[in-house]
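Residue numbers for the sequence shown follow our numbering, so the first one is 1 and each next one is one higher.
Backbone N, C-alpha and C define an ideal beta-carbon position, used for all residues, glycine too.
Here the structure is a predicted model, which is why all the values come from computation and not from measurement.
Heads up: the structure comes next, in structure tokens.
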Amino acid sequence: MKFLEDILAINSVSGDELSVSQFILNIISERKSNWKVTPNVFFGENFHNCILLKFGNPRTAVFAHMDTIGFMTRYENQLITVGGPELIDGTFLVGNDSLGPVRCKLIVDDDHIYHDFPRAIDRGTYLSFEQNIRIDNQFIQGAYLDNRLGLYNAIEICQTLEDGWVVFTTYEEHGGGSMPFLLDFIMKEGPVKQALISDITWVTSGVVHNGGVAISIRDKFIPRRTFINKVIALAKKSGIDYQLEVEDAGGSDGREIQFSRHLIDWCFVGAPEDNVHSPNEKVALHDLECMIEMYQYLMAHL
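Laid out in structure tokens, this is it:
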């Protein structure tokens with residue numbers, strides 16, 4: 001949980017993922033010698049802020065996005081959204097500009113949003129929800145569980161993974177963009193035919209807290225059913241709690257896999273959360289544990 005609390009405290013609105021990327025690289029450097037297999041690590045300016053870990057002879061790739069939704073300052077005290085944050089009047093936002101730390105309230109006025117900081121904030125400054133992490137025996141609650149829990153899961157996979165890719169992506173919350181390059185690189189360096197999306201989904205009428213990890217049959221996009229059936233069959237054998245999701249909205253890095261020039265099967269597998277894209281996202285610890293266990297099982301058996 002120390003790692004999770006630390007990574008939840010880092011701001012990384014889409015387009016500004018450098019800090020969280022550096023944090024993950026430090027974690028990899030500290031831990032990789034204790035992993036079952038030491039991966040090849042690909043990062044640096046040629047990859048922008050993305051990170052790829054190649055373990056053994058990959059069959060499957062796991063993708064987890066590092067960015068979050070948020071806000072950007074415009075002119076005067078105007079704000080514009082990055083991704084799709086919930087617009088809750090009075091919510092505290094934080095960030096930094098050339099004059100120092102910023103803490104202000106979000107003001108929602110019809111179709112326009114503003115901040116109430118007493119001075120002008122530098123144009124183009126990123127602002128994020130102020131973090132307030134709450135953990136009890138059943139739930140974790142705070143801002144940006146989407147997709148900090150997906151990153152946490154991806155790092156946990158690395159402990160036991162023998163063959164596979166673990167990939168940390170950028171821009172997912174605001175239209176994507178890094179995946180085409182990453183897929184091309186993977187298919188040259190260590191080709192795969194299947195992928196799992198380590199991300200967080202929604203609590204709905206059919207997907208509930210404490211029901212286990214959600215396996216998505218579809219969201220706005222529809223992955224190939226042959227692969228989905230394979231994942232579900234393995235989930236049944238695993239004995240790990242899971243629930244099936246069927247939605248007609250939402251998307252993930254899986255969308256870019258499906259739209260790519262590569263025939264790679266994909267499936268979204270993630271814990272469900274309530275209060276999506278708000279400062280109070282809420283996930284059951286049981287569902288997070290099921291997510292981690294399911295990924296370890298699937299990566300060993302796919």
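Integer Cβ distance of residue i from residue j, believed to fall under 8 Å
{"i": "Asp-219", "j": "Gly-175", "result": "At roughly 16 Å, the Cβ-Cβ gap does not stay under 8 Å, so Asp-219 and Gly-175 are not in contact."}
{"i": "Val-167", "j": "Cys-158", "result": "Incorrect: roughly 12 Å between the Cβ atoms, too far for contact."}
{"i": "Asp-97", "j": "Ile-121", "result": "5 Å"}
{"i": "Leu-234", "j": "Thr-60", "result": "Not really, about 11 Å apart at Cβ, beyond 8 Å."}
{"i": "Ser-216", "j": "Ala-154", "result": "At roughly 17 Å, the Cβ-Cβ gap does not stay under 8 Å, so Ser-216 and Ala-154 are not in contact."}
{"i": "Val-108", "j": "Leu-87", "result": "5 Å"}
Proximity of residue i and residue j at Cβ, strictly below 8 Å
{"i": "Pro-279", "j": "Thr-201", "result": "no"}
{"i": "Leu-298", "j": "Tyr-152", "result": "no"}
{"i": "Thr-170", "j": "His-48", "result": "yes"}
{"i": "Val-94", "j": "Leu-127", "result": "yes"}
{"i": "His-65", "j": "Gly-190", "result": "no"}
{"i": "Val-213", "j": "Asp-274", "result": "no"}
{"i": "Leu-196", "j": "Val-283", "result": "no"}
{"i": "Ala-143", "j": "Glu-17", "result": "no"}
{"i": "Tyr-75", "j": "Arg-119", "result": "no"}
For residue i, the first and last residue of its enclosing alpha helix (DSSP H)
{"i": "Asp-6", "result": "2–8"}
{"i": "Phe-227", "result": "225–238"}
{"i": "Arg-148", "result": "145–157"}
{"i": "Leu-18", "result": "18–31"}
N-terminal and C-terminal residue of the beta strand (DSSP E) that residue i is part of
{"i": "Gln-78", "result": "78–82"}
{"i": "Asp-184", "result": "Unbroken run through Asp-184 is the alpha helix (DSSP H), 179–189; no beta strand (DSSP E)."}
{"i": "Val-62", "result": "60–65"}
{"i": "Phe-259", "result": "Careful: Phe-259 lies outside any beta strand (DSSP E) and carries neither H nor E."}
Beta-ladder partner(s) of residue i, from DSSP
{"i": "Ser-128", "result": "Val-94"}
{"i": "Asn-40", "result": "Lys-54"}
{"i": "Pro-272", "result": "Thr-201"}
{"i": "Pro-101", "result": "Asn-96"}
C-alpha distance - residue i paired with residue j, whole-angstrom precision
{"i": "Pro-58", "j": "Ile-7", "result": "27 Å"}
{"i": "Ser-14", "j": "Ile-80", "result": "13 Å"}
{"i": "Ser-260", "j": "Asn-210", "result": "34 Å"}
{"i": "Leu-161", "j": "Val-62", "result": "11 Å"}
{"i": "Met-187", "j": "Ala-9", "result": "34 Å"}
{"i": "Thr-226", "j": "Leu-183", "result": "21 Å"}
{"i": "Glu-130", "j": "Ile-240", "result": "34 Å"}
{"i": "Asn-132", "j": "His-262", "result": "41 Å"}
{"i": "Phe-117", "j": "Asn-77", "result": "8 Å"}
{"i": "Asp-248", "j": "Phe-221", "result": "8 Å"}
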